[in-house]
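Peer 1:
2 protein chains.
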Amino acid sequence: MTLRPPPQMSSPKIVRDLFSTGRKISFAAGATLFRDGDPVTDVYCVESGRVVVTRYAENGERQILAFLFPGDFLGMSFAPTYNSAAEALTPVTVWAIPHAKLTSELATRPELGVAYAEMSARILNNVLDLVFTLGRKNSHARVASFLLHLRDRQELLALETERINVPMTRQDIADFLGLTMETVSRAFSHLKASGAVKFGSAADVDVIDLAKLRAEAHVGS
Amino acid sequence: MTLRPPPQMSSPKIVRDLFSTGRKISFAAGATLFRDGDPVTDVYCVESGRVVVTRYAENGERQILAFLFPGDFLGMSFAPTYNSAAEALTPVTVWAIPHAKLTSELATRPELGVAYAEMSARILNNVLDLVFTLGRKNSHARVASFLLHLRDRQELLALETERINVPMTRQDIADFLGLTMETVSRAFSHLKASGAVKFGSAADVDVIDLAKLRAEAHVGS
DNA sequence: CGCCAGATTGACCTACTTCAAGTGCAGTGG
DNA sequence: CCACTGCACTTGAAGTAGGTCAATCTGGCG
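If you're matching them up, the sequences are chains A and B in order.
Plus 840 on top of the position in the first sequence (first one is 1) and you've got our numbering.
Plus 840 on top of the position in the second sequence (first one is 1) and you've got our numbering.
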């Protein structure tokens, strides 16, 4: 039995404490938390499950902007409407507080502002990683980077790191990485053939050779 | 003579007021403000000129994460080191304050926290637009979107909107849009041939048909 | 005028997409 | 218990957008 560090949440404790004064809401897998263009009512913090944040084009094409894990903050818009949609990937529970409550708390508790600024910087940094991946990496490197990203998130949550759980479909991964389903599938087959990983099922990836997986993730475009 | 609205800054007035208590620094075109991995000392606000924020891969490939305009905030990291580099694209003047000063002000002035949170949300939203562009648009649409982005920024600064100033090289644009220099050049030629724009010089693009340019920007991948 | 860095254009090549068959597996019903 | 069904995934074959390599072109500047 290995010793694990305690789970690290991506949002600071003071922010999660604020959410714990709010409502707890459950969503079934596939349910919509909010849509692009909906008036902003609440902000959320994921308690359990996986949430996906997306943006749709006029023609219906979708780009997944993030996969969210427990502890992740959600609904960071100070515009009148949300600028992206959020859907439950698995059964999900979230904490919700009114957006107005977030604003009023920020306006009266400066220590919350510092924590919120730190959290914003972390979120921005994660998205910039995605920009780098989309702009500069080929399909194999994108998929390898994606697996490592999931692994990092599991590690932060003090879950196992040998087996990576992939709860999203190949199409979801494709919509996140700017590829097609088929290309994602081929990249997985390549990683398997290279000996970096093997598959329990399509949704469970065992890391065989972490160094090799990391090398695959750093190849240029 | 057309009536222009007053310039809109991307950072709130309260944030710019904070910077105006700091030092003003000038950089020559091409100078480095900070490098990826440097210890975080200051945060910045662009006063004049254009700044480029980049991230480099081990192999030297570069991804431009943002082109910054007057009023733009820069150095949003609460980690010990910067996670991206910043360079002056043109001659630049910036306001700088110590990062510790930003933190201490945030910790004592809650109204600053609200403004900072709003600014963070706006920055995040802009980067998510870039993610969408990189993930879902073809080369023509990427370049058209880029021109419209520059135009929007000029409009916010109450500059002219008929002529778009493009102070960066084709290579810079390519490094921003995840393309090659040649593909960017071909996309420009395509936009010119389509009648959407014409060229004063390589650095000055006149918008001939805004609706057509917008249509080009919305084509799928 | 001649130089030179950046930009354009052309020809060819490849990584990814597209379209089309399979394959495997979980859920259902006989 | 095993066939049936549907859906996600995999694999193959062919097409294409964009990359690569290489030859001009352009315009700003000494």
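Every residue gets a Cβ at the ideal spot worked out from N, C-alpha and C, and that includes glycine.
Tell me where the beta strand (DSSP E) around T1019/A begins and ends.
Peer 2: For the purposes of this step, residue 1019/A is identified with residue 179 of the first sequence, where counting begins at 1. According to the sequence displayed, residue 1019/A carries Leu and not Thr. No beta strand (DSSP E) holds L1019/A; DSSP gives it neither H nor E.
Peer 1: At what residue ranges does the stretch 962 to 1044 of chain B contain a whole run of the beta strand (DSSP E), taking only runs of 3 or more?
Peer 2: Counting only runs of 3 or more, we get 1003 to 1005, 1037 to 1041.
Peer 1: Quick one: does M849/A have its CB under 7 Å from some CB of chain B?
Peer 2: As a first step, residue 849/A must be located in the first sequence, where it is residue number 9. Taking Cβ atoms only, chain B never reaches closer than 7 Å to M849/A, which makes this a no.
Peer 1: Give a yes or no on whether the C-beta atoms belonging to I865/A and A961/A are separated by under 7 Å.
Peer 2: Reading the first sequence from its first residue, position 25 is the one you call residue 865/A. Reading the first sequence from its first residue, position 121 is the one you call residue 961/A. No, they are not a contact pair.
Peer 1: Take A984/A as the anchor and find which of K941/A, G862/A, A1055/A, L942/A has the nearest alpha-carbon.
Peer 2: Locating residue 984/A in the first sequence gives position 144, counting from the first residue. Nearest option by C-alpha distance: A1055/A.
Peer 1: Thinking C-beta only, is L905/A closer than 7 Å to L1066/A?
Peer 2: The structure shown does not extend to residue 1066/A, since chain A is modelled only from 841 through 1061, so no value can be given for it.
Peer 1: What is the rounded straight-line gap between the Cα of D810/B and the Cα of G1018/B?
Peer 2: Residue coverage of chain B in this structure runs from 841 to 1061, which leaves residue 810/B outside it and unanswerable.
Peer 1: Can you list the beta strand (DSSP E) stretches of 3 or more residues lying completely in the stretch 873 to 945 of chain B, in chain order?
Peer 2: Listed in chain order, they are 882 to 888, 891 to 896, 902 to 908, 925 to 928, 932 to 938.
Peer 1: Can you tell which of L964/B, Q994/B, F1028/B, T894/B has its C-alpha closest to the C-alpha of G872/B?
Peer 2: The residue you call residue 872/B lines up with position 32 of the second sequence. The residue asked about is misnamed: residue 872/B is Thr in this sequence, not Gly. Of the candidates L964/B, Q994/B, F1028/B, T894/B, the one whose C-alpha sits nearest the C-alpha of T872/B is T894/B.
Peer 1: For D912/B and N966/B, what's the separation of their Cα atoms in angstroms?
Peer 2: Taking the second sequence and counting its residues from 1, the one referred to as residue 912/B is at position 72. Taking the second sequence and counting its residues from 1, the one referred to as residue 966/B is at position 126. Between D912/B and N966/B, the C-alpha separation is close to 12 Å.
Peer 1: Can you name the residues of chain B whose CB is closer than 9 Å to the CB of T948/A?
Peer 2: What you label residue 948/A is simply residue 108 of the first sequence in a count that begins at 1. Ordered by position in chain B, the residues that pass the 9 Å Cβ test against T948/A are P950.
Peer 1: For A868/B, which residues from the same chain have a beta carbon less than 7 Å from its beta carbon, with the 5 sequence-adjacent residues on both sides left out?
Peer 2: In the second sequence, the residue the question calls residue 868/B occupies position 28. A928, P931, listed in sequence order.
Peer 1: I'd like to know if A957/A contacts chain B, where contact means its C-beta is closer than 7 Å to some C-beta of that chain.
Peer 2: In the first sequence, counting from the first residue as 1, residue 957/A sits at position 117. For A957/A, the answer is yes, since a Cβ of chain B falls inside 7 Å of its Cβ.
Peer 1: For I865/A, report the span of its alpha helix (DSSP H) as first-last.
Peer 2: Numbered from 1 along the first sequence, position 25 holds the residue referred to as residue 865/A. Where I865/A is concerned, there is no enclosing alpha helix (DSSP H), although the beta strand (DSSP E) it sits in stretches over 863 to 867.
Peer 1: To which residues does DSSP link D1046/B through a beta bridge?
Peer 2: To locate residue 1046/B, count along the second sequence from 1; it is residue 206. R1003/B, K1038/B, per the DSSP bridge assignment.
Peer 1: For Q903/A, I'd like the list of residues in its chain whose CB is within less than 7 Å of its CB, leaving aside the five on either flank, ordered along the chain.
Peer 2: What you label residue 903/A is simply residue 63 of the first sequence in a count that begins at 1. T894, R895, D1015, listed in sequence order.
Peer 1: Label A940/A either buried or exposed according to how many other C-beta atoms from any shown protein chain fall within 10 Å of its C-beta, with 16 as the threshold for buried.
Peer 2: Your numbering for residue 940/A matches position 100 in the first sequence. Result: exposed.
Peer 1: For the alpha helix (DSSP H) holding V855/B, just list the boundary residues, first then last.
Peer 2: The count along the second sequence starts at 1 and reaches residue 855/B at position 15. Start and end: 853 to 859.
Peer 1: Would you call K853/A buried or exposed, if buried means 16 or more other Cβ atoms sit within 10 Å of its Cβ?
Peer 2: As a working note, residue 853/A is residue 13 in the first sequence. Label assigned to K853/A: exposed.
Peer 1: Comparing alpha-carbon positions, which option in E1000/B, D1044/B, V934/B lies nearest M1008/B?
Peer 2: Here residue 1008/B refers to the residue found at position 168 of the second sequence. Checking every option, the nearest Cα to that of M1008/B belongs to D1044/B.
Peer 1: Does the stretch 942 to 960 of chain A come within contact of the stretch 942 to 962 of chain B, defined as at least 3 CB pairs closer than 8 Å?
Peer 2: Because the criterion of three Cβ pairs below 8 Å is met, the stretch 942 to 960 of chain A and the stretch 942 to 962 of chain B touch.
Peer 1: Sort A926/A, S850/A, E1002/A, K1038/A by Cα distance to V892/A and report the nearest one.
Peer 2: Along the first sequence, one-based indexing puts residue 892/A at 52. When each option's Cα is compared against that of V892/A, the closest is A926/A.
Peer 1: Could you list which residues in chain B have their beta carbon closer than 7 Å to that of V971/A, in chain order?
Peer 2: For this step, residue 971/A is matched to residue 131 along the first sequence. Per Cβ cutoff of 7 Å: Q903, L905, V967, L970, V971, L974.
Peer 1: Have a look at E1022/A, T1020/A, F1028/A and flag the residue whose alpha-carbon is nearest the alpha-carbon of V1006/A.
Peer 2: For this step, residue 1006/A is matched to residue 166 along the first sequence. The shortest Cα separation from V1006/A among E1022/A, T1020/A, F1028/A belongs to F1028/A.
Peer 1: May I have the straight-line CA-CA distance separating S888/B from L997/B, to the nearest angstrom?
Peer 2: For the purposes of this step, residue 888/B is identified with residue 48 of the second sequence, where counting begins at 1. For the purposes of this step, residue 997/B is identified with residue 157 of the second sequence, where counting begins at 1. Cα to Cα, S888/B sits roughly 11 Å from L997/B.
Peer 1: Nearest to P938/A by alpha carbon, out of F918/A, G900/A, H989/A?
Peer 2: Within the first sequence, numbered from 1, the residue matching residue 938/A stands at position 98. Here the closest residue by C-alpha is F918/A.
Peer 1: Grab me the residues of D878/A's own chain with a C-beta within less than 7 Å of its C-beta, minus the 5 sequence neighbours each way, in chain order.
Peer 2: The count along the first sequence starts at 1 and reaches residue 878/A at position 38. Taken in chain order, the residues that qualify are T921, Y922.
Peer 1: Which residues in chain A have a C-beta closer than 7 Å to the C-beta of E887/B? List them in chain order.
Peer 2: Sequence index remark: in the second sequence, residue 887/B carries index 47 (1-based). Result: empty, since nearest Cβ-Cβ is about 22 Å, beyond 7 Å.
Peer 1: M849/A to T933/A, Cα distance in whole Å?
Peer 2: By one-based count along the first sequence, residue 849/A stands at place 9. By one-based count along the first sequence, residue 933/A stands at place 93. Roughly 16 Å between the two C-alpha positions.
Peer 1: Confirm, please, whether the CB-CB distance from H980/B to H1058/B is below 7 Å.
Peer 2: Counting from 1 along the second sequence, the entry for residue 1058/B is found at position 218. Counting from 1 along the second sequence, the entry for residue 980/B is found at position 140. No, the Cβ-Cβ distance between H1058/B and H980/B is not below 7 Å.
Peer 1: Please report the distance separating the alpha-carbon of C885/B from that of V855/B.
Peer 2: Here residue 885/B corresponds to residue number 45 of the second sequence, with the count starting at 1. Here residue 855/B corresponds to residue number 15 of the second sequence, with the count starting at 1. Between C885/B and V855/B, the C-alpha separation is close to 9 Å.
Peer 1: From S944/B to K977/A, what does the alpha carbon distance come to, in whole angstroms?
Peer 2: The residue labelled residue 944/B in the question sits at position 104 within the second sequence. The residue labelled residue 977/A in the question sits at position 137 within the first sequence. Straight-line Cα distance between these residues: approximately 39 Å.
Peer 1: Closer than 7 Å by C-beta to R1010/A: which residues in its own chain qualify, once you throw out the five before and the five after it? Chain order, please.
Peer 2: As a position in the first sequence, residue 1010/A is number 170, starting the count at 1. Hits under 7 Å: M1021, V1024, S1025.
Peer 1: In three-state terms, what does DSSP make of M849/A?
Peer 2: Locating residue 849/A in the first sequence gives position 9, where the first residue counts as 1. Coil at M849/A, not helix or strand.
Peer 1: Roughly how many angstroms separate the alpha carbons of L987/A and A955/A, rounded to a whole number?
Peer 2: Within the first sequence, residue 987/A is the residue found at index 147, counting from 1. Within the first sequence, residue 955/A is the residue found at index 115, counting from 1. So the alpha carbons of these two residues sit roughly 29 Å apart.
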